[in-house]
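Residue numbers (numbering that gives the first Met the number 0): 0 to 439.
Read the structure below first, then the notes.
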Amino acid sequence: MLFRFLILVHVCAAFPLKCPAPAQWSLRARSYCPDPSKYFCLKNDLINGYSENCTVFDFLQPGRKNVLRGGLDADICSFERYQPWPIKFYTNVSTNCLFLKYKCNEEGQVVYVNGNRNIDRSCRCDYTKGYDFLIKPQNPCFCEPAKEDCSCYLKTCPKATDKLSSVYFIYEPLSNIELREGETVTLTYELSVNKYPVSFLKDNQFIAETTNIKKRVAGRYKKIKFRNIASSDAGKYCLKVEDKTSMNSHLTELLIHPMFTSKIEPQICIEGNKLHLASAVYADNIEVKWYKEKAQLHECENILIHVEKYQRILTIEKTTVADSGNYYVKAGKVEMRIPSNCERRPLVDVTIMESLDTKFEIETEEENVHVQWFYNGKEITESTERRQISRLQGRVHTLTILQTRLTDSGKYSIKIRAYNKVVELNVKGILCTISFRVKR
């Protein structure tokens, strides 16, 4: 007898858990948890899958996401996703970082920069195949897909033999850089290729290297470094690339703020009087040092150095002719020169009667120093019959005007290096009274 047996076997097949898509997240949370705000579905590294639960709520800073490794742990966004600042990651909102990076895979597009966990990819058009941007982006070298239209089109050159340039700027300095006098700054430019000569320009003029300006042009990175930057370095800079047709980077303007906020004019003092030098710095915590020529000055019985908030003050209580010279106030690597001249016989304004002799006289510290006399801005180059220039014992310099006339009135000055002193001569006329006797 033939028996037939029917065996029924029940098989239950389970599918791996998949977390709900954002559109279904709220529906799943309400159906699965008594408190939907505590629902999460996260990657579980222990089972290499996903787990959901209703026990906890947490958040992380932008660019990070939660995963399960026995408990909640932080991990960075995957390579294909990002979460921009200031959007935080919440466990009850999503499994992954919220945004997918743009793929830069439309016609003619290639990846410019892959971005990071906070920033989307940027794209460029493949110039090597003749593509260019349909709409010029804010930066001529790349496009930001979340903000701009990154479409590319196949560009044809007017001549069949022409090709699109292979050089472009990948990185350029900021448009405006503010610095304090004495600081150091480097302007860095990155090019796509390194096969064309370049030059650095300031206000459209070529920049030569100096002790404080150094250039580096090897490789794709082109750099110019300014040390101990000065107010004269302020201006607009760019890098010029000498391709078949020259190309310039955008302009970078250097704004230089002075270390010293007040300028000290050349000083004149009379022997035995005080010499008072005061300068102002931009902040009250700036330390300065005082020098005469190359020798640093320190406080002593005759020299006082003190601070009054922004003011830095040097006082010589009782001067001599030997105190003449160049003084320097230094803050860090920035210095300011203050020429000073201490006179024994100072030039002074003169008022004199017509036909008398006039004498201007000054005594210098150094012997045989070169001096120049001027009348109304015009140099008196040599002695004449009425104007005589003399030097006594190498230090006393004299300008004598014999039988002074009314026409000799005016401004006289003497120049000794940076020292320039101007005085005025005022000649008074002689009044003559004539009396007549009338006979009746």
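Using N, Cα and C, we set each Cβ at its ideal position, and we do this for glycine too.
- Spatial neighbours of His396 in its own chain (CB-CB distance under 6 Å, excluding positions within 5 residues in sequence) are listed in chain order as Ile361, Val370, Arg390.
- Around the beta carbon of Val306, fewer than 16 other beta carbons lie within 10 angstroms, which makes this residue exposed.
- Annotation: the stretch 217–271 contains the following complete segments of the beta strand (DSSP E) (minimum length 3 residues), in chain order: 220–225, 234–240, 251–256, 266–269.
- The three-state secondary structure of Thr314, taken from DSSP, is strand.
- With a beta-carbon spacing of about 45 Å, Val240 and Tyr290 fall beyond the 8 Å limit used to define contacts.
- Around the Cβ of Leu26, a 10 Å sphere holds fewer than 16 other Cβ atoms; the residue is exposed.
- Apart from the 5 residues on each side of it in sequence, Ser261 sits with its Cβ closer than 7 Å to the Cβ of Ser278, Ala279 in its chain, given in chain order.
- Comparing alpha-carbon positions, the option among Lys214, Gly181, Glu208 lying closest to Tyr188 turns out to be Lys214.
- Rounded to the nearest whole angstrom, the CA to CA distance from Glu353 to Arg386 is 15 Å.
- Between the alpha carbons of Ser230 and Leu253 lies a distance of about 10 Å.
- The beta-carbon separation of Tyr49 and Lys87, rounded to 21 Å, does not stay under the 8 Å limit for a contact.
- The DSSP assignment places complete beta strand (DSSP E) segments of no fewer than 3 residues inside the stretch 120–175 at 121–124, 130–132, 151–153, 168–170, in order along the chain.
- Under a 10 Å Cβ-count criterion, Arg336 is classified as exposed, with fewer than 16 other Cβ atoms of the shown protein chains found around its own Cβ.
- Between the alpha carbons of Gly234 and Ser245 lies a gap of roughly 21 Å.
- Contact holds between the stretch 82–100 and the stretch 34–42, because three or more Cβ pairs, one in each stretch, are under 8 Å apart.
- For the pair Ile315 and Asn193, the Cα-to-Cα distance works out to about 60 Å.
- Of the residues assessed, Lys146 falls on the exposed side of the cut-off, its CB having fewer than 16 other CB atoms within 10 angstroms.
- Shortest Cα-Cα distance from Arg179 to any of Arg394, Ser382, Ile255 involves Ile255.
- Taking Ser121 as the centre and dropping the five residues before and after it, the same chain places the C-beta of Tyr111, Val112, Phe141, Glu143 closer than 6 Å to its C-beta, in chain order.
- With contacts defined as CB atoms closer than 9 Å, Val422 and Leu346 qualify as a contacting pair.
- Residue pairing by DSSP places Phe58 opposite Tyr89 in a beta bridge.
- In the three-state reduction of the DSSP assignment, Tyr188 falls in the strand class.
- Around Ala22, the same chain offers no residue with a beta carbon nearer than 7 Å, after the five sequence neighbours per side are excluded.
- In this structure, Ile312 is the residue among Pro35, Ile312, Phe132, Cys76 with its C-alpha nearest to the C-alpha of Lys273.
- Bounds of the alpha helix (DSSP H) holding Ser25 are 21–31.
- Sequence-distant partners of Tyr281 (beyond 5 residues in either direction) whose C-beta falls short of 6 Å from its own C-beta, in its chain, are Thr260.
- Counted as a single uninterrupted DSSP element, the stretch harbouring Ala282 is not any beta strand (DSSP E), since DSSP gives it neither H nor E.
- Under the three-pair Cβ rule at 8 Å, the stretch 99–108 does not count as touching the stretch 60–71.
- Residue environment: Ile46 is assigned as exposed (fewer than 16 neighbouring CB atoms within 10 Å of its CB, all protein chains considered).
- Residue environment analysis places Tyr130 among the buried positions, since at least 16 neighbouring C-beta atoms fall within 10 angstroms of its C-beta.
- Pairwise C-beta distances place the stretch 370–382 out of contact with the stretch 296–304, as fewer than three of them are shorter than 8 Å.
- Closest in alpha carbon position to Thr251, among Gly218, Glu171, Tyr326, Ile267, is Glu171.
- Separation of Glu366 and Ser248 (C-alpha to C-alpha, rounded to the nearest whole angstrom) is 56 Å.
- The C-alpha of Lys332 lies about 15 Å from the C-alpha of Asp232.
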